[in-house]
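The numbering used here runs 9 ahead of the 1-based position in the sequence shown. Backbone N, C-alpha and C define an ideal beta-carbon position, used for all residues, glycine too. See structure below.
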Amino acid sequence: MNMTRLFTRFTFLLAIATFLGTSAKANIVQYTTSFDSPTFSSGNLSGQDDWEAQTQWQVDGTGNITNTSGAFIRAHNTGVVGSTDIGEVMEITTNFTLSAFQTPSNDIASFEEGIFIQGMSDEVGVANFPFGLAAGLFYDVGTGNLELRANQGLNETGTTNAVVADASTLTAPTNYSLFSRFTKLGVDSWNVVVTLDDGTNVFTLDYNANGQDSNLDMDPGGNGILAGIQALPSSAGTSNVATPPFGSLLVSDFSLSIISQSVPEPGSVAMFACSLVAVFGRRRK
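Right, here's the structure in full:
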């Protein structure tokens with residue numbers, strides 16, 4: 010092989026490697042907080058560091074937030090939002106502490122079994138936003154078990170439920186780390202991976218689902234897709250639950266990442282095209 014041909018092939022391979030390397034890069038936008046001062050101060054979470062939340066979410070001033078009363082108490086950070094692009098990934102991680110189990114009253118309805126969930130919605134800036142896709146920790150009234158469970162989503166296929174513990178055995182506060190990854194596979198279609206780590210065991214869900222709310226595809230408000238958290242019910246009870254199974258949650262850390270594939274820059278595409286022209290032009294000579 011002469012030097013001219015060797016150089017030609019090297020130039021061609023270099024052009025391909027440069028183009029593929031550029032086009033394969035992922036764009037990552039992140040937000041992480043431990044709710045510490047001076048960024049956060051005691052009082053309502055809403056309005057601090059781009060958080061939109063119902064007033065029951067309170068900052069305690071020592072690096073935590075907690076839900077003080079009520080049910081379906083929601084919050085989200087508006088500083089980082091996703092898009093409707095296929096292939097985009099939203100990852101949420103929350104570290105929280107669940108209070109000791111207390112024997113609940115028998116008036117808990119099935120829709121009130123959720124303890125803590127993470128999910129997606131299109132209603133950015135709405136404190137009590139509805140979830141379009143969510144999963145998290147639940148108390149099963151029928152069995153008395155604490156479960157990791159897919160909550161919202163239609164036509165779910167895969168692992169959608171995992172028993173965490175007999176709730177009555179949780180006689181002291183328990184620390185958990187809840188991780189959720191939502192990957193958009195196609196129109197109104199997601200893969201959801203959820204893990205719950207109690208420091209000893211890791212429980213996992215892995216399933217595909219359609220979004221319950223088609224607005225996750227359309228985003229009619231044009232503000233993006235948000236990541237949210239919800240606690241229910243709290244130690245003060247709700248209008249429908251006299252005694253819930255656990256007290257208020259204490260959340261110590263929250264992180265969110267939006268991962269999307271970047272589009273090749275025009276300059277990179279032009280360089281790739283020019284390299285091809287140079288290579289094939291040299292070969293014709």
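* Separation of glutamine 111 from tyrosine 148, as counted between CA atoms -> Start at 1 with the first residue of the sequence shown, and residue 148 comes out as number 139. Start at 1 with the first residue of the sequence shown, and residue 111 comes out as number 102. Distance between the alpha carbons of tyrosine 148 and glutamine 111: 12 Å.
* Helix, strand or coil: which one does DSSP assign to phenylalanine 120? -> Within the sequence shown, residue 120 is the residue found at index 111, counting from 1. Here phenylalanine 120 sits in helix by DSSP.
* Which residue from Leu107, Glu122, Thr93 puts its Cα closest to that of alanine 159? -> Within the sequence shown, the letter at position 150 stands for residue 159. Taking only the C-alpha atoms, the option nearest alanine 159 is Glu122.
* **Segment contact, 8 Å Cβ cut-off, at least three pairs: the region 162-175 with the region 65-81** => no
* Asked: How close, in whole Å, do the beta carbons of leucine 225 and asparagine 73 come, if the pair is a contact with beta carbons under 8 Å?
  -> Mapped onto the sequence shown, residue 225 falls at position 216. Mapped onto the sequence shown, residue 73 falls at position 64. Actually they are not in contact, since the Cβ atoms of leucine 225 and asparagine 73 sit about 30 Å apart, beyond 8 Å.
* **Beta-bridge partners of serine 186, as assigned by DSSP** => Taking the sequence shown and counting its residues from 1, the one referred to as residue 186 is at position 177. In DSSP, serine 186 forms a bridge with Asn104, Asp206.
* Assumed close pair leucine 205, leucine 146 - CB separation to whole angstroms, cut-off 8 Å -> Position 196 of the sequence shown, counting from 1, holds the residue named residue 205. Position 137 of the sequence shown, counting from 1, holds the residue named residue 146. Contact flag correct, Cβ pair sits at about 7 Å.
* Is the region 60-67 in contact with the region 212-232, if contact means three or more CB pairs nearer than 8 Å? -> no
* Asked: Would you say isoleucine 238 and glutamine 127 are within 8 Å of each other, going by their C-beta atoms?
  -> Locating residue 238 in the sequence shown gives position 229, counting from the first residue. Locating residue 127 in the sequence shown gives position 118, counting from the first residue. Closer than 8 Å, so yes.
* State buried or exposed for glycine 256, treating a residue as buried only when at least 16 other CB atoms are found within 10 Å of its CB. => Within the sequence shown, numbered from 1, the residue matching residue 256 stands at position 247. Label assigned to glycine 256: buried.
* Distance, Cα to Cα, alanine 174 vs glutamate 156? -> Sequence index remark: in the sequence shown, residue 174 carries index 165 (1-based). Sequence index remark: in the sequence shown, residue 156 carries index 147 (1-based). So the two alpha carbons sit approximately 7 Å from each other.
* Going by DSSP, name the residue or residues bridged to methionine 129. => Numbered from its first residue, the sequence shown carries residue 129 at position 120. Beta-bridge pairing links methionine 129 to Leu142, Ala236.
* Leaving out the 5 sequence neighbours to the left and right, which residues in its chain are closer than 6 Å to asparagine 104 when beta-carbon positions are compared? -> If you number the sequence shown from 1, residue 104 lands on position 95. Excluding sequence neighbours, asparagine 104 sits near Ser186, Ser261, Asp262.
* **leucine 241, enclosing alpha helix (DSSP H) - first and last residue** => Indexing the sequence shown from 1 puts residue 241 at position 232. That residue, leucine 241, is in no alpha helix (DSSP H); it is neither H nor E in DSSP.
* If we ignore side chains and look at the alpha-carbon of each, how far apart do alanine 218 and methionine 99 end up? -> As a first step, residue 218 is located in the sequence shown; it is residue number 209 there, counting from the start. As a first step, residue 99 is located in the sequence shown; it is residue number 90 there, counting from the start. C-alpha separation (whole angstroms): 15 Å.
* Pull up the distance between the alpha-carbon of histidine 85 and that of tryptophan 66, whole angstroms please. => For the purposes of this step, residue 85 is identified with residue 76 of the sequence shown, where counting begins at 1. For the purposes of this step, residue 66 is identified with residue 57 of the sequence shown, where counting begins at 1. Looking at the two C-alpha atoms, the distance is approximately 11 Å.
* Alpha carbon to alpha carbon, how far is aspartate 94 from serine 198? -> Taking the first residue of the sequence shown as 1, we reach residue 94 at position 85. Taking the first residue of the sequence shown as 1, we reach residue 198 at position 189. Approximately 11 Å, taken between the alpha carbons.
* Asked: Roughly how far, in whole angstroms, is the beta-carbon of isoleucine 101 from the beta-carbon of leucine 265, given that I think they are within contact range, below 8 Å?
  -> Numbered from 1 along the sequence shown, position 92 holds the residue referred to as residue 101. Numbered from 1 along the sequence shown, position 256 holds the residue referred to as residue 265. So it is a contact: roughly 5 Å between Cβ atoms.
* Proximity of alanine 171 and phenylalanine 125 at Cβ, strictly below 8 Å -> Residue 171 sits at position 162 when you count from the first residue of the sequence shown. Residue 125 sits at position 116 when you count from the first residue of the sequence shown. Not in contact: alanine 171 and phenylalanine 125 (Cβ atoms no closer than 8 Å).
* Check each candidate in Ser177, Ser51, Ser114 and name the one with the smallest Cα separation from threonine 75. => On the sequence shown, position 66 is the one that residue 75 refers to. The option with the nearest alpha carbon to threonine 75 is Ser51.
* Cut-off 6 Å between Cβ atoms - residues of its own chain near lysine 193, not counting five sequence neighbours on either side -> Here residue 193 refers to the residue found at position 184 of the sequence shown. The residues are Ile95, Glu97, Trp199.
* **Where the beta strand (DSSP E) through leucine 265 begins and ends** => The residue given as residue 265 occupies position 256 in the sequence shown. Unbroken beta strand (DSSP E) run through leucine 265: 259-270.
* Asked: Among Val150, Asp207, Ser130, Gly70, which has the Cα closest to the Cα of glycine 230?
  -> In the sequence shown, the residue the question calls residue 230 occupies position 221. Closest option to glycine 230, Cα to Cα, is Ser130.
* To do: State the Cα-Cα distance for the pair serine 114 and threonine 252, rounded to the nearest angstrom.
  => Against the sequence shown, residue 114 aligns to sequence position 105. Against the sequence shown, residue 252 aligns to sequence position 243. When rounded, the distance between both Cα atoms is 5 Å.
* Asked: Helix, strand or coil for serine 177 per DSSP?
  -> Residue mapping note: residue 177 aligns to position 168 of the sequence shown, counting from 1. It is helical.
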